[in-house]
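**Student:** Got a structure for you, written out below as structure tokens; questions coming shortly.
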Amino acid sequence: IEKHFTLNRADGGVDSSFTMEPAEMTQVVVETERAWQSLGRVAYGPTAAEEKSVVYRRSLYVVKDLQAGEKLTADNVRAIRPGLGLPTKYLEQVLGKNLAKAVAKGTALTWDLI
């Protein structure tokens with residue numbers, strides 16, 4: 001923030017009409033700090049309060065019996081509950097990948113299966 005500052009606006013000057021005095025500058029500092037604090041803190045992943053409820057989220061599951069080497073498709077992978085498999089954000093990444101081993105219907109999809 002750039003702001004013109006003077007001890008007394010009455011002293012005059014070319015920019016005296018929009019120059020801040022000490023009390024006004026103090027207010028700018030206080031409000032700037034308040035705005036900065038309102039941005040909060042960036043955190044990725046579940047919060048401590050959400051940790052127990054992660055199991056209730058959807059995750060990726062194999063919905064058909066598949067053999068090793070078969071491709072994962074929209075027909076054999078679904079996003080369902082409980083959240084014991086890969087997060088649903090990985091659906092596009094896993095489609096088209098081959099399975100490393102045979103997987104039974106209802107198995108939570110994990111990276112070691114691909």
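Heads up: the sequence shown begins at 1 in the working numbering, then just goes up one per residue. For glycine and all other residues, C-beta sits at the position ideal for the given N, C-alpha and C.
The beta strand (DSSP E) with Arg78 in it runs from where to where?
**Tutor:** As a working note, residue 78 is residue 78 in the sequence shown. Unbroken beta strand (DSSP E) run through Arg78: 77-80.
**Student:** Cα-Cα, which of Leu7, Lys101, Asp11 is closest to Ala68?
**Tutor:** Numbered from 1 along the sequence shown, position 68 holds the residue referred to as residue 68. For Ala68, the nearest C-alpha among the options comes from Lys101.
**Student:** Roughly how many whole angstroms lie between the Cα atoms of Arg81 and Ser38?
**Tutor:** In the sequence shown, the residue the question calls residue 81 occupies position 81. In the sequence shown, the residue the question calls residue 38 occupies position 38. Cα-Cα distance, rounded: 35 angstroms.
**Student:** What residue from Met25, Thr26, Lys3 has the CA that sits closest to Asp15's CA?
**Tutor:** Here residue 15 refers to the residue found at position 15 when the sequence shown is read from its first residue. Comparing Cα-Cα distances from Asp15 to each of Met25, Thr26, Lys3, the minimum goes to Lys3.
**Student:** Given this structure, state the Cα-to-Cα distance separating Asp25 from Leu7, to the nearest angstrom.
**Tutor:** Here residue 25 is taken as the residue at index 25 of the sequence shown, counted from 1. Here residue 7 is taken as the residue at index 7 of the sequence shown, counted from 1. Note that residue 25 is Met in the sequence shown, not Asp. Each residue's Cα considered, the two are about 10 angstroms apart.
**Student:** Which complete alpha helix (DSSP H) runs does the stretch 5-85 hold, if anything under 4 residues is left out?
**Tutor:** Within the stretch 5-85, the complete alpha helix (DSSP H) runs of at least 4 residues are 22-38.
**Student:** Using the Cβ count rule (16 or more neighbours within 10 Å means buried), how would you classify Tyr61?
**Tutor:** Counting from one through the sequence shown, the residue named residue 61 turns up at place 61. Burial call: buried.
**Student:** Name the residue from Asp75, Leu113, Arg58, Lys64 whose alpha carbon lies nearest to the alpha carbon of Thr88.
**Tutor:** For this step, residue 88 is matched to residue 88 along the sequence shown. For the residues Asp75, Leu113, Arg58, Lys64, the minimum Cα distance to Thr88 belongs to Arg58.
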